[in-house]
Amino acid sequence: MELFDFEHNFGIYYPPQELISLLDFQNKYYKYSNGFGLFAEGRFPIQYLSKEEGFLNQLMPFADGSPIAVYSLWDDGTDRKLNTMPVVVFGDEGGVHVVAEDIFSLMQLLTFDTPISVDIDKVFFYKDTNTYEKSLHHELYKSWLKENFQLESINDTTKIIKTAQEKYKEQFDCWCGKYLR
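Under our numbering, think of the first position of the sequence shown as 367, with each following residue one higher.
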């Protein structure tokens with residue numbers, strides 16, 4: 367995917383450098399984290415939820431998760447840089463959750479190397495050690511993350527998700543509730 371195409375996900379903003387770097391990595395090593403991939407679909411994946419401008423203008427979808435989930439930056443209106451905006455996820459069965467407090471936390475979640483699960487009531491990552499198969503370029507991804515961002519791999523996703531939800535869940539749910547009923 368070309369950067370020009372990826373830029374469309376961010377409307378009037380330029381994509382955060384961290385996601386541009388991840389895009390470069392993804393273009394070389396596509397299979398680096400099970401069930402995750404950056405995309406260039408703009409707001410299309412979330413327009414089915416609400417067509418209201420207030421909703422669409424504060425979300426920047428940039429990746430999909432498997433089975434069917436959409437990751438988005440949420441502009442909470444506090445003029446923060448894009449790389450520090452909360453990351454939210456929309457599931458295909460109606461679940462909407464804060465999953466990471468920023469892009470750095472999301473990139474750490476990807477070191478768990480399993481698809482995200484988005485239920486109505488919760489969001490989580492689950493790894494069945496009996497059936498888990500490591501992504502082809504997962505070790506390269508973990509090395510790249512450490513080398514470029516000094517971020518460690520994780521063995522448990524709960525802390526990152528819990529921290530993000532403690533910080534942003536109430537505010538996000540209130541905001542989102544105005545548009546999703």
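We treat Cβ as the ideally placed atom computed from N, Cα and C, and that holds for glycine. The model shown is predicted, which means the values in this text are computed figures rather than measured ones.
Check, Outcome
"C-alpha distance - Asp522 paired with Ser483, whole-angstrom precision", "14 Å"
"Burial state of Gly457, where buried means 16 or more other Cβ atoms lie within 10 Å", "buried"
"Pair within 9 Å by beta-carbon distance, Phe372 and Asp442", "no"
"Assigned exposure category for Leu475 - 16 Cβ within 10 Å defines buried", "buried"
"Cα-Cα separation between Phe376 and Phe428, rounded to whole angstroms", "8 Å"
"Residues near Leu546 by beta carbon distance below 7 Å, same chain, minus five either side", "Leu415, Ser416 and Val462"
"Between the CA atoms of Leu425 and Arg409 - distance to the nearest angstrom", "8 Å"
"Unbroken alpha helix (DSSP H) run spanning Asp458, endpoints", "It is not in any alpha helix (DSSP H) - Asp458 carries neither H nor E in the DSSP assignment."
"Any C-beta of chain C under 9 Å from that of Gly408", "Any reference to chain C falls outside this structure, which holds one protein chain only."
"Cβ-Cβ separation, Leu388 to Leu404 (assumed contact under 8 Å), whole Å", "6 Å"
"Under the three-state DSSP convention, the category His463 falls into", "strand"
"Runs of alpha helix (DSSP H) wholly within the stretch 452-530 (minimum 4 residues, chain order)", "469-475 and 504-515"
"Distance, Asp445 Cα to Tyr398 Cα", "32 Å"
"Straight-line gap, Met367 to Phe391 (C-alpha atoms, nearest Å)", "11 Å"
"CB of Lys511 within 9 Å of CB of Met473, strictly", "The question names Lys, yet the displayed sequence has Leu at residue 511. Contact: yes."
"Ser438 to Phe402 span [Cα, whole Å]", "13 Å"
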